Amino acid sequence: MGVTMPVNRLCISADSHVVESAEFFKPLVEMFGDRSPRVVTLDPALGPKLDIGNGTFTISVSEFLQQNIDFKSSQGQESLRLGYDLARPGCYDTSERLKDQDFDGIDAEVIYPSLLFGVYQIDDLDIVKATFGLYNDWVGNYCKEQPNRLFALGGVQLFDLDEAIKEMERCKNMGHVGVCIPATAPPDRLYSDPWYDKFWAAAQEMKMSLNMHIFTGATPNHGLPPAMKSSGYALASCGVMFTCADIIQSGVCERFPDIKFVVTEFETGWIANMLKRLDWGFVRGGGAKTQSIPMKPSEYWRRNFRATFEDDDLGIMTREYIGTNTLMWGNDYPHGDSIFPHSQRVLTDLLADCTPEERYEMTVKNVVELYDLPFVLEGPGQARLNQKSVST
Numbered sequence: 000m001g002v003t004m005p006v007n008r009l010c011i012s013a014d015s016h017v018v019e020s021a022e023f024f025k026p027l028v029e030m031f032g033d034r035s036p037r038v039v040t041l042d043p044a045l046g047p048k049l050d051i052g053n054g055t056f057t058i059s060v061s062e063f064l065q066q067n068i069d070f071k072s073s074q075g076q077e078s079l080r081l082g083y084d085l086a087r088p089g090c091y092d093t094s095e096r097l098k099d100q101d102f103d104g105i106d107a108e109v110i111y112p113s114l115l116f117g118v119y120q121i122d123d124l125d126i127v128k129a130t131f132g133l134y135n136d137w138v139g140n141y142c143k144e145q146p147n148r149l150f151a152l153g154g155v156q157l158f159d160l161d162e163a164i165k166e167m168e169r170c171k172n173m174g175h176v177g178v179c180i181p182a183t184a185p186p187d188r189l190y191s192d193p194w195y196d197k198f199w200a201a202a203q204e205m206k207m208s209l210n211m212h213i214f215t216g217a218t219p220n221h222g223l224p225p226a227m228k229s230s231g232y233a234l235a236s237c238g239v240m241f242t243c244a245d246i247i248q249s250g251v252c253e254r255f256p257d258i259k260f261v262v263t264e265f266e267t268g269w270i271a272n273m274l275k276r277l278d279w280g281f282v283r284g285g286g287a288k289t290q291s292i293p294m295k296p297s298e299y300w301r302r303n304f305r306a307t308f309e310d311d312d313l314g315i316m317t318r319e320y321i322g323t324n325t326l327m328w329g330n331d332y333p334h335g336d337s338i339f340p341h342s343q344r345v346l347t348d349l350l351a352d353c354t355p356e357e358r359y360e361m362t363v364k365n366v367v368e369l370y371d372l373p374f375v376l377e378g379p380g381q382a383r384l385n386q387k388s389v390s391t
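Here it is in structure tokens:
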């Protein structure tokens, strides 16, 4: 039986979110007290913020949720106060979420966290383990309410790899389609370090994708120098660019040829230039060549990496070089950067020069294949998502 949508074109968002409520963190506060991540409101005018422990604040709840506003303006300052009042009901009620999906022409979503991304900056293993364990259970139950429309990504810490592998396996057994890891590694233990190899091996064996979302660095500045904090939004791709190059050039993808990394919400206009530079370094005999990898870096990218885009025309202009098989669209619902409820209009304009095959690849096929979503792929003329038959 198919899932019928009120639009003619199929569309799966590879980058959507839940927004963790203040109540979500209460069990953690009971366990860890002031060391726990929690949502607090110290100044009503500034609204609720995530405190990742001992008064270390990250983004405000309102900044996640308010669309199209300058927070320095008077209207923006007023919206900061609203906090969770800005949240759409679909953040917590899956039936309401499906109404938003249907209105926006979205057939299914891959679900990321929101506030929990700040937890990667915490260096306490017990707290991070407990936080992601709690979240993985919660988001699993949320998505189970709509098992043909919502597909959860879990989260794991990378301090203790044995524990990380256990949690990744638990996520897989719960039906999660992948796990999130920091988009930038700790500077004293980069992802090129062979120390991570048993985790890479486990992810490959379990066929669990490793998803690296924007603003999920293991350090507060997400791989950027502290002086560049004010430019973090514009230059966030610089940090993950280094991560991608480090993984590729160090031979991780050569040693684990079936591993899949996903670079999420950094947009895609920077990728072609990065690949061109890496390949040029390879040919000239520097960079990747010294790491003894047999293929060009761009070949590893097209085999082992995927990246999401929202409304980035530069990425679409260079899609052939990047590889359309590596690109997946997402609308970022319900965040402030989201293009909801205008996804179909944006896609029509953005993909106007793409062939039907390319559009189908980037909005349906790639995400279904990567996450092994339970849908039959029938090609760009497909009118609806049909579920795969389950053998009994």
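Per numbering that gives the first Met the number 0, the sequence shown starts with residue 0, numbered consecutively. Beta carbons: idealized from backbone N, C-alpha and C, even for Gly. These figures come from a predicted structure and were not determined experimentally.
C-alpha gap between residue i and residue j, whole angstroms
i: tyrosine 232; j: valine 28; result: 30 Å
i: glycine 46; j: threonine 40; result: 6 Å
i: arginine 8; j: arginine 383; result: 8 Å
i: valine 363; j: alanine 235; result: 26 Å
i: arginine 301; j: valine 17; result: 29 Å
i: threonine 323; j: phenylalanine 214; result: 25 Å
i: tryptophan 194; j: aspartate 84; result: 44 Å
i: phenylalanine 241; j: isoleucine 292; result: 17 Å
i: histidine 334; j: glycine 284; result: 43 Å
i: aspartate 50; j: glutamate 168; result: 29 Å
i: tryptophan 137; j: valine 375; result: 28 Å
i: glutamate 357; j: leucine 346; result: 12 Å
i: tyrosine 91; j: glutamate 144; result: 11 Å
i: leucine 160; j: glutamine 203; result: 14 Å
i: asparagine 135; j: leucine 277; result: 36 Å
i: asparagine 53; j: proline 355; result: 52 Å
i: phenylalanine 23; j: proline 256; result: 38 Å
i: lysine 171; j: serine 72; result: 45 Å
i: glutamine 248; j: lysine 98; result: 45 Å
i: proline 430; j: methionine 205; result: Absent from the structure is residue 430, since the part of the chain shown begins at 0 and ends at 391.
i: alanine 414; j: asparagine 272; result: Absent from the model: residue 414. The displayed extent of the chain is 0 to 391, so no value can be given.
i: glutamine 381; j: isoleucine 270; result: 30 Å
i: aspartate 122; j: aspartate 192; result: 19 Å
i: aspartate 42; j: glycine 32; result: 20 Å
i: phenylalanine 56; j: arginine 34; result: 12 Å
Whether residue i touches residue j by CB criterion (8 Å)
i: histidine 212; j: glutamate 264; result: yes
i: leucine 313; j: glycine 268; result: yes
i: proline 26; j: leucine 133; result: yes
i: leucine 372; j: alanine 107; result: yes
i: asparagine 210; j: glycine 174; result: no
i: proline 379; j: tyrosine 359; result: yes
i: leucine 350; j: isoleucine 315; result: yes
i: glutamate 19; j: serine 94; result: no
i: lysine 275; j: arginine 305; result: no
i: serine 342; j: cysteine 10; result: yes
i: aspartate 196; j: arginine 148; result: no
i: phenylalanine 308; j: lysine 295; result: no
i: serine 15; j: isoleucine 110; result: yes
i: alanine 86; j: leucine 64; result: yes
i: glutamine 74; j: leucine 124; result: no
i: phenylalanine 198; j: alanine 244; result: no
i: threonine 183; j: glycine 238; result: yes
i: isoleucine 246; j: tyrosine 320; result: no
i: phenylalanine 158; j: valine 127; result: yes
i: phenylalanine 400; j: cysteine 142; result: With the chain represented from 0 up to 391, any question about residue 400 goes unanswered, as that position is not in the structure.
Cβ distance (whole Å) where residue i is taken to contact residue j below 8 Å
i: cysteine 179; j: glycine 139; result: Rounded, the Cβ-Cβ distance is 14 Å, inconsistent with contact.
i: asparagine 303; j: cysteine 353; result: In fact, because the Cβ distance is near 24 Å, the residues do not count as touching under 8 Å.
i: isoleucine 105; j: asparagine 365; result: About 16 Å; that fails the 8 Å criterion.
i: arginine 336; j: glutamate 266; result: Note that residue 336 is aspartate in the sequence shown here, rather than arginine. So it is not a contact: roughly 10 Å between Cβ atoms.
i: leucine 81; j: serine 59; result: With a Cβ gap of about 10 Å, leucine 81 and serine 59 do not count as contacting.
Cβ shell of residue i (< 8 Å), same chain only, five flanking positions each side left out
i: glutamate 377; result: Asn385
i: tyrosine 21; result: A small correction: the amino acid at residue 21 is alanine; tyrosine does not occupy that position in the sequence shown. Arg37, Val38, Pro47, Tyr83.
Cβ neighbours of residue i in the same chain (closer than 6 Å, five flanking residues each side left out)
i: tyrosine 119; result: Pro181, Thr215, Ala217
i: proline 219; result: Gln120
i: tyrosine 332; result: Ser15, Phe339
i: valine 6; result: Residue placement at valine 6 is flagged as unreliable, the pLDDT there being 45, under the threshold of 50; the coordinate-derived value follows with that caveat. Gly104, listed in sequence order.
Same chain, Cβ closer than 7 Å to residue i, neighbours up to 5 away in sequence not counted
i: methionine 361; result: Thr323, Leu326, Met327, Trp328
i: arginine 188; result: Trp194
i: alanine 129; result: Leu27, Met30
i: phenylalanine 116; result: His212, Phe214, Thr215
i: leucine 152; result: Val109, Ile110, Tyr111, His175, Val176, Gly177, Val178, Cys179, Asn210
i: arginine 96; result: Gly89
i: aspartate 444; result: Summary: the structure shown does not reach residue 444, with the chain confined to residues 0 through 391, and so no result is reported for it.
i: serine 61; result: Gly46, Ser78, Leu79, Leu81, Gly82, Leu85
Residue-level contact to chain D via CB, residue i, 8 Å cutoff
i: serine 20; result: Reference to chain D is not applicable here, since this structure consists of a single protein chain.
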